[in-house]
Amino acid sequence: MDSVLSYFLCFAFIGARVTAENEKICFPNKFLFGVATAAYQIEGAWNVSGKGESIWDRYTHSHPERVFDHHNGDTAADSYHLFKRDVDMMEQLGVQFYRFSVSWPRILPNGLSNEINEDGIKYYTLLLDELKAHNIMPLVTMYHWDLPQSLQDLGGWTNPIIADYFVDYARVLFEAFGDKVDTWLTFNEPFSFCFDGYGGYDAPGAHGSGFEDYLCGHNVLRAHGKVYRMYQQEFAETQKGHVGITLDFAWQEPATTSDEDQHAAEVVRQFFLGWFAHPIFSETGDYPPIMRKRIDYISKRQNFPRSRLPTFTSDEIRMIRGSADFLGLNHYTTYLVKRNRNKIAPQPSFMTDMGGILSQKPEWPKSNSTWLKVVPWGFRKALNWVKAAYNNPITIITENGISLEPGLQDSRRVNYIDGYLRALHNAIIKDKCNVVGYTYWSLLDNFEWMRGFSERFGLYEVNYDSTNKTRTARISAGYYSKVAQTKCLPVSWV
Ligand code: NOJ
Numbered sequence: 014m015d016s017v018l019s020y021f022l023c024f025a026f027i028g029a030r031v032t033a034e035n036e037k038i039c040f041p042n043k044f045l046f047g048v049a050t051a052a053y054q055i056e057g058a059w060n061v062s063g064k065g066e067s068i069w070d071r072y073t074h075s076h077p078e079r080v081f082d083h084h085n086g087d088t089a090a091d092s093y094h095l096f097k098r099d100v101d102m103m104e105q106l107g108v109q110f111y112r113f114s115v116s117w118p119r120i121l122p123n124g125l126s127n128e129i130n131e132d133g134i135k136y137y138t139l140l141l142d143e144l145k146a147h148n149i150m151p152l153v154t155m156y157h158w159d160l161p162q163s164l165q166d167l168g169g170w171t172n173p174i175i176a177d178y179f180v181d182y183a184r185v186l187f188e189a190f191g192d193k194v195d196t197w198l199t200f201n202e203p204f205s206f207c208f209d210g211y212g213g214y215d216a217p218g219a220h221g222s223g224f225e226d227y228l229c230g231h232n233v234l235r236a237h238g239k240v241y242r243m244y245q246q247e248f249a250e251t252q253k254g255h256v257g258i259t260l261d262f263a264w265q266e267p268a269t270t271s272d273e274d275q276h277a278a279e280v281v282r283q284f285f286l287g288w289f290a291h292p293i294f295s296e297t298g299d300y301p302p303i304m305r306k307r308i309d310y311i312s313k314r315q316n317f318p319r320s321r322l323p324t325f326t327s328d329e330i331r332m333i334r335g336s337a338d339f340l341g342l343n344h345y346t347t348y349l350v351k352r353n354r355n356k357i358a359p360q361p362s363f364m365t366d367m368g369g370i371l372s373q374k375p376e377w378p379k380s381n382s383t384w385l386k387v388v389p390w391g392f393r394k395a396l397n398w399v400k401a402a403y404n405n406p407i408t409i410i411t412e413n414g415i416s417l418e419p420g421l422q423d424s425r426r427v428n429y430i431d432g433y434l435r436a437l438h439n440a441i442i443k444d445k446c447n448v449v450g451y452t453y454w455s456l457l458d459n460f461e462w463m464r465g466f467s468e469r470f471g472l473y474e475v476n477y478d479s480t481n482k483t484r485t486a487r488i489s490a491g492y493y494s495k496v497a498q499t500k501c502l503p504v505s506w507v
């Protein structure tokens, strides 16, 4: 079976196919284009065929008022039943791979591997077979935020034991699907689910900023490292697959040319990306030194007997360092950073620890998400920063996309993708960033977490009111199919 990363690894810098006469922008032949989704956001069937409850089921059911439109993912786009239609859409697009996630509680209803839900295994087996029949390679995320509620009842990602439970879950996945999947992502955006979920108001809604978010991050890094090592020991020889992790990285641009804002922006990058990337991808491993220093110092000032940022043992540092065959990178937007000159408040806060104030320029083009402004040049800068910081790792863009209001005439989405792909092309060809694939988020409209169905990222529009959740191609689907099939940016796409 071909794998996404095997393709990528064969990739050599053969140069862009830029034809001088018409200025066509082309990616190398081996470069791959895909689309992404995640289980809770599209599957629905939340309590069907033995699936257990996840933290997002519990949270949206017990706090519908916290979700912008009071909806939940109970049915979502119903991809549990309509996955064949989804694969048809991918065939229409002509993408080479599909990034999707496995729902942990669909496989292990109570989170633990003593009870495996065979219907869950069957569902993903059918999906993988369908993909293979259409010649679309799978790129599989093990954890895209839908933790089994029973594990959250034990403290979720703040309880160190969860690293072992995650290893047990991963082993079940490698055993069940390892012959069909050989490019894996352990986690999707640990920054987001630790910062927003344990430090803020996403599920499980712990809002323990500056404390629980760090415990979460610590155990996620331990869990990731353990799974990587377990795969090497138990599966790599026979399955010959690749294991990576997806991290999110918005570009952080200094708000002014002053030294203090330059420095503040660099600190923010270390807190946002370095928190997870430094332990895995740097030569020295462990947390970024500036993060360690600031949190240790501020914890002391706040009278804590020890730092709020936990400490790895030297064995853990070694285990986690180098524990990825490639980096998955999600990138959507850019912020400006100013130094925060406020006094240190007595209560813990990630934002205080980080010490930067973030903003965006009002003139940057908007999307339908408050946080997402269109700034393609930030993408190129982010990629160059990754190249310099981590020795130019093999990178797959595992998400990039824009939310817009409902409607099929989404030329602004076309402009977004086109602009970001031009920036990516420059990063690859001119700057020699080692990026080997691009994934548009998302194949279809889906449940956008606390924003419900109000923010639509899909190349395909979903009619949530129709009984069969009708999917209809937007203008951008036509554009992206040209990109995916020709590997060139089209001059016209309608
Ligand atoms: C990142 C997350 O991985 C995904 O679940 C979310 O829908 C998109 N960004 C858009 O916000």
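So this note's numbering is basically just the index in the sequence shown, starting at one, shifted up by 13.
Every residue gets a Cβ at the ideal spot worked out from N, C-alpha and C, and that includes glycine.
Short Cβ contact (8 Å threshold) for residue i with residue j
| i | j | result |
| --- | --- | --- |
| residue 211 | residue 323 | no |
| residue 262 | residue 342 | yes |
| residue 143 | residue 97 | yes |
| residue 321 | residue 223 | yes |
| residue 258 | residue 185 | no |
| residue 173 | residue 123 | no |
| residue 492 | residue 427 | yes |
| residue 242 | residue 292 | no |
| residue 160 | residue 197 | no |
| residue 53 | residue 217 | no |
| residue 535 | residue 108 | Outside the shown range of the chain (14 to 507) lies residue 535, about which nothing can therefore be said. |
| residue 245 | residue 195 | no |
| residue 277 | residue 369 | yes |
| residue 391 | residue 264 | yes |
| residue 456 | residue 48 | yes |
| residue 112 | residue 346 | no |
| residue 59 | residue 158 | no |
| residue 106 | residue 490 | yes |
| residue 465 | residue 82 | yes |
| residue 384 | residue 282 | no |
| residue 151 | residue 187 | no |
| residue 350 | residue 249 | no |
Three-state secondary structure (DSSP) of residue i
| i | result |
| --- | --- |
| residue 56 | coil |
| residue 352 | strand |
| residue 452 | strand |
| residue 147 | coil |
| residue 125 | coil |
| residue 324 | coil |
| residue 265 | strand |
| residue 428 | helix |
| residue 489 | helix |
| residue 63 | coil |
| residue 292 | helix |
| residue 501 | strand |
| residue 439 | helix |
| residue 185 | helix |
| residue 34 | Confidence is the limiting factor: at residue 34 the pLDDT is only 45, short of 50, which leaves the residue's position unreliable, though a coordinate-based value still follows. Coil, per DSSP. |
| residue 302 | helix |
| residue 205 | helix |
| residue 523 | Nothing about residue 523 can be reported from this structure: the residues present for the chain run from 14 to 507 only. |
| residue 80 | coil |
| residue 457 | strand |
| residue 403 | coil |
DSSP bridge partner residues for residue i (one or two, in chain order)
| i | result |
| --- | --- |
| residue 47 | 110, 452 |
| residue 255 | 196 |
| residue 417 | 469 |
| residue 482 | Bridge partners of residue 482: none, in fact. |
| residue 397 | DSSP, once it has assigned bridges, lists no residue as partnering residue 397. |
| residue 386 | 379 |
| residue 156 | 200 |
| residue 343 | 261, 412 |
| residue 362 | None, per the DSSP bridge assignment. |
| residue 39 | 501 |
| residue 118 | Per DSSP, none; premise fails for residue 118. |
| residue 161 | 67 |
| residue 496 | Residue 496 is not bridged to any residue. |
| residue 372 | 349 |
| residue 475 | 484 |
| residue 95 | Per DSSP, none; premise fails for residue 95. |
Contact test: residue i Cβ vs the ligand MN heavy atom, cutoff 7 Å
| i | result |
| --- | --- |
| residue 343 | For the ligand MN, the structure offers nothing, since it holds only the ligand NOJ. |
Kindly confirm or deny that the stretch 358-369 and the stretch 394-410 touch, where touching means at least three C-beta pairs closer than 8 Å. no
Touch test, the stretch 232-239 against the stretch 378-390, Cβ-Cβ under 8 Å, three pairs minimum: no
Cβ contact check for the stretch 474-483 and the stretch 456-466: 3 or more pairs under 8 Å: yes
Taking contact to mean at least 3 C-beta pairs separated by less than 8 Å, is the stretch 34-44 in contact with the stretch 436-450? yes
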